[in-house]
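Asks: Sending over a structure as structure tokens; questions will come in a sec.
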Amino acid sequence: MSDPLLGPVVGATLLAPHLKFSSHSYQSGMGYTLVSEDIVTQKMCDLWNAPALLNNPMHILAAANGHAWLRIIEDRNSTSTTPLKTQGWMALEVNVANVDVIRKEIDTTVFKIIGEPAYLQISDAIKAMQVIGPCDEVSYITQIDKPVPPFNLPMTQARTGSLFIPVLCTRNRDASLAFYEALNQVTGLKFDTKVTVLNNAWGHDIEHQYPVATLQLAGNCLFEIDQVTNAQLSVLNNDSLPSGIAMITCMVDNIEFAAKRLKLPIHHIDNAYYPSAKVILATGPAGELIELLERPVS
4 MSDPLLGPVV GATLLAPHLK FSSHSYQSGM GYTLVSEDIV TQKMCDLWNA PALLNNPMHI
64 LAAANGHAWL RIIEDRNSTS TTPLKTQGWM ALEVNVANVD VIRKEIDTTV FKIIGEPAYL
124 QISDAIKAMQ VIGPCDEVSY ITQIDKPVPP FNLPMTQART GSLFIPVLCT RNRDASLAFY
184 EALNQVTGLK FDTKVTVLNN AWGHDIEHQY PVATLQLAGN CLFEIDQVTN AQLSVLNNDS
244 LPSGIAMITC MVDNIEFAAK RLKLPIHHID NAYYPSAKVI LATGPAGELI ELLERPVS
């Protein structure tokens with residue numbers, strides 16, 4: 004199998020009606036560290052087609068492992084979204100050393116528990132809990148005890164670690180998977196599985212199965228694609244970004260290939276959040292936004 008062109012995942016961007024509250028929630032409740040306070044520049048607005056965000060404040064937060072992957076942008080006019088019922092980026096799966104420690108210490112007045120720690124149906128090596136955070140974002144907080152072939156997944160000794168699986172909600176698994184397979188030049192896996200938090204959100208029987216796909220990326224990362232046929236359209240904000248998980252940022256090995264395939268221009272942005280200056284913004288089949296960054300030469 005050829006090496007994936009996509010990956011690793013750089014991070015995720017949340018749209019927050021109240022930046023300081025959301026940022027503080029991750030710092031106090033999840034042990035993240037504020038590493039950068041900045042504003043949205045004109046070049047970012049041009050890339051995102053979001054003129055309303057010009058000069059809005061944003062924070063970059065690092066998990067306990069030192070990876071500064073979480074970007075939160077303030078939009079006081081943003082509309083709330085309905086977790087687990089909206090197309091686009093539905094959840095962020097984040098690596099931790101011990102999920103039971105997080106469950107014991109997390110501030111449940113800010114992070115609503117929607118799934119208690121439990122081992123997954125697909126593996127007895129993966130224990131996870133699920134929460135809804137201050138920006139209506141869903142997080143899967145995941146402890147990986149040992150390798151889980153055929154997947155390449157990370158393990159960490161840090162209290163909190165990197166984002167390694169962005170989870171996409173789509174009405175059409177096959178169309179979404181085909182879009183990312185074409186960019187990644189690697190074939191994904193398709194299967195049906197129980198997704199307990201989705202069954203609870205939609206009122207399905209607890210054993211109800213969903214069409215799911217996974218796509219292996221470089222850097223021990225994956226995309227997960229969940230088909231939810233009745234999912235609503237993303238909540239859009241005028242001249243801004245989508246509510247909740249606004250976008251995912253991911254490296255790509257050949258940005259010229261990606262730009263040509265997607266028929267998109269390459270932008271040049273120098274910012275601490277980006278590991279390189281060349282970036283494009285793509286819209287996937289479910290309306291999700293994904294920034295693709297040129298992968299730096301090691």
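Here my numbering is used: the first residue of the sequence shown is 4, the next is one more, and so on.
All residues carry an ideal CB built from backbone N, CA and C; glycine is no exception.
In this text the structure is predicted, and so the values were computed from the model without any measurement.
(1) Is R264 buried or exposed, if buried means 16 or more other CB atoms sit within 10 Å of its CB?
(2) Could you tell me whether the Cβ atoms of A249 and I283 are closer together than 9 Å?
(3) Check whether the segment 148 to 158 touches the segment 251 to 259, counting contact only when three or more Cβ pairs, one atom from each stretch, lie closer than 8 Å.
(4) Quick check: R79 and P20, are their CB atoms within less than 9 Å of each other?
(5) So, under 8 Å CB-CB, I76 and V38 are touching, yes? Tell me the CB distance rounded to an integer number of Å.
(6) So which of T196, H271 and M254 has the shortest CA-CA distance to E294?
(7) Assign L236 to buried or exposed, taking buried as 16 or more other Cβ atoms, counted over all protein chains shown, within 10 Å of its Cβ.
(8) Between the beta-carbon of K107 and the beta-carbon of A121, is there less than 9 Å?
(9) Identify every run of the alpha helix (DSSP H) within the segment 190 to 275, keeping only runs that are complete inside it and at least 4 residues long; order them along the chain.
(10) If you draw a straight line from the alpha carbon of I228 to that of T111, how long is it in whole angstroms?
(11) Would you call the segment 152 to 169 and the segment 87 to 97 touching, i.e. three or more CB-CB distances under 8 Å?
(12) Alpha carbons only, please: which of P11, S5, L18 and V13 is nearest the one belonging to V238?
(13) Answer yes if the segment 178 to 185 comes into contact with the segment 272 to 291, meaning at least three C-beta pairs across the two stretches below 8 Å, and no otherwise.
(14) Just confirm the distance between the C-beta atoms of A221 and D6, as a whole number of angstroms; I'd bet it's less than 8 Å.
(15) Thinking C-alpha only, which one of L8, A65, P11 and A55 is nearest Y35?
(16) So, under 8 Å CB-CB, L218 and G191 are touching, yes? Tell me the CB distance rounded to an integer number of Å.
(17) Can you grab the Cα-Cα spacing for the pair I292 / P268, in whole Å?
(18) Measuring alpha carbon to alpha carbon, tell me which residue in H271, D242 and T252 is nearest N52.
(19) Could you check the C-alpha separation between R162 and M33 for me, to the nearest Å?
(20) From this set, N68, E40, E140 and P278, which residue's C-alpha is nearest P60's C-alpha?
(21) Name the two residues that bound the continuous beta strand (DSSP E) containing R176.
(22) For N358, count neighbouring Cβ atoms within 10 angstroms of its own Cβ and tell me buried if that reaches 16, exposed if not.
(23) Could you please give me the residues that DSSP links to A15 through a beta bridge?
(24) Can you tell me where the alpha helix (DSSP H) holding E108 begins and where it ends?
(25) Of all the options L296, N68, V198 and L201, which has the alpha carbon lying nearest to the alpha carbon of V99?
(26) Tell me which same chain residues have a C-beta within less than 8 Å of the C-beta of Q212, skipping the five on either side of it?
(27) For I147 versus M132, is the C-beta distance shorter than 9 Å?
(28) Just to confirm the assignment, what range does the alpha helix (DSSP H) spanning F154 have?
(29) Rounding to the nearest angstrom, what Cα-Cα distance links N233 and K115 in this structure?
(30) Report back the beta-carbon spacing between T159 and V13 to the nearest angstrom; my notes put them in contact at under 8 Å.
(31) Per DSSP, which one or two residues make a beta bridge with P54?
Replies: Let me spell this out:
(1) Indexing the sequence shown from 1 puts residue 264 at position 261. Under a 10 Å Cβ-count criterion, R264 is classified as exposed, with fewer than 16 other Cβ atoms of the shown protein chains found around its own Cβ.
(2) Counted from its first residue, the sequence shown places residue 249 at position 246. Counted from its first residue, the sequence shown places residue 283 at position 280. I283 sits away from A249, with the two beta carbons spaced by 9 Å or more.
(3) Under the Cβ criterion (8 Å, minimum of three pairs), the segment 148 to 158 does not count as touching the segment 251 to 259.
(4) The residue you call residue 79 lines up with position 76 of the sequence shown. The residue you call residue 20 lines up with position 17 of the sequence shown. The answer is yes: Cβ separation under 9 Å.
(5) Start at 1 with the first residue of the sequence shown, and residue 76 comes out as number 73. Start at 1 with the first residue of the sequence shown, and residue 38 comes out as number 35. About 15 Å separates the two Cβ atoms, so there is no contact after all.
(6) The residue given as residue 294 occupies position 291 in the sequence shown. Selection T196, H271 and M254 evaluated against E294 yields M254 as nearest (Cα-Cα).
(7) In the sequence shown, counting from the first residue as 1, residue 236 sits at position 233. Result: exposed.
(8) Reading the sequence shown from its first residue, position 104 is the one you call residue 107. Reading the sequence shown from its first residue, position 118 is the one you call residue 121. Taking 9 Å as the Cβ cut-off, K107 and A121 do not qualify as a contacting pair.
(9) Qualifying alpha helix (DSSP H) stretches, in chain order: 199 to 205 and 258 to 265.
(10) In the sequence shown, counting from the first residue as 1, residue 228 sits at position 225. In the sequence shown, counting from the first residue as 1, residue 111 sits at position 108. Distance between the alpha carbons of I228 and T111: 28 Å.
(11) Yes: the two stretches touch, three or more of their Cβ pairs being nearer than 8 Å.
(12) Working through the sequence shown from its first residue, we reach residue 238 at position 235. For V238, the nearest C-alpha among the options comes from L18.
(13) The answer is yes - the segment 178 to 185 touches the segment 272 to 291, with three or more Cβ pairs under 8 Å.
(14) Taking the first residue of the sequence shown as position 1, residue 221 is located at position 218. Taking the first residue of the sequence shown as position 1, residue 6 is located at position 3. The C-beta separation of A221 from D6 comes to about 7 Å, placing the pair in contact by the 8 Å criterion.
(15) Counting from 1 along the sequence shown, the entry for residue 35 is found at position 32. Selection L8, A65, P11 and A55 evaluated against Y35 yields A65 as nearest (Cα-Cα).
(16) Numbered from its first residue, the sequence shown carries residue 218 at position 215. Numbered from its first residue, the sequence shown carries residue 191 at position 188. The Cβ separation is near 4 Å, so the contact holds.
(17) In the sequence shown, counting from the first residue as 1, residue 292 sits at position 289. In the sequence shown, counting from the first residue as 1, residue 268 sits at position 265. Per the sequence shown, the amino acid found at residue 292 is Leu instead of Ile. Roughly 15 Å between the two C-alpha positions.
(18) By one-based count along the sequence shown, residue 52 stands at place 49. The option with the nearest alpha carbon to N52 is D242.
(19) Residue 162 sits at position 159 when you count from the first residue of the sequence shown. Residue 33 sits at position 30 when you count from the first residue of the sequence shown. If you take the alpha carbons of R162 and M33, they lie about 9 Å apart.
(20) As a first step, residue 60 must be located in the sequence shown, where it is residue number 57. Selection N68, E40, E140 and P278 evaluated against P60 yields E40 as nearest (Cα-Cα).
(21) One-based indexing of the sequence shown puts residue 176 at position 173. Here R176 belongs to no beta strand (DSSP E); instead the alpha helix (DSSP H) covers R176 to N187.
(22) Here the chain covers residues 4 to 301 and nothing more, so residue 358 does not appear.
(23) By 1-based counting over the sequence shown, the position of residue 15 is 12. Among the bridge pairs identified by DSSP, A15 is matched with L73 and I251.
(24) Walking along the sequence shown from the start, residue 108 turns up at place 105. Where E108 is concerned, the enclosing alpha helix (DSSP H) stretches over V102 to E108.
(25) Here residue 99 refers to the residue found at position 96 when the sequence shown is read from its first residue. The candidate whose alpha carbon is nearest that of V99 is N68.
(26) Here residue 212 corresponds to residue number 209 of the sequence shown, with the count starting at 1. D195, T196 and K197, listed in sequence order.
(27) As a first step, residue 147 must be located in the sequence shown, where it is residue number 144. As a first step, residue 132 must be located in the sequence shown, where it is residue number 129. Between I147 and M132, the C-beta gap is not smaller than 9 Å, which leaves the two residues out of contact.
(28) The residue you call residue 154 lines up with position 151 of the sequence shown. F154 -> no alpha helix (DSSP H), and no H or E assigned at all.
(29) On the sequence shown, residue 233 is found 230 positions in, with the first residue counted as 1. On the sequence shown, residue 115 is found 112 positions in, with the first residue counted as 1. The alpha-carbon atoms of N233 and K115 are separated by roughly 24 Å.
(30) Numbered from 1 along the sequence shown, position 156 holds the residue referred to as residue 159. Numbered from 1 along the sequence shown, position 10 holds the residue referred to as residue 13. Taking C-beta atoms under 8 Å as the contact rule, T159 and V13 fail to qualify, at a distance of about 17 Å.
(31) In the sequence shown, counting from the first residue as 1, residue 54 sits at position 51. Partner(s): none; P54 has no beta bridge.
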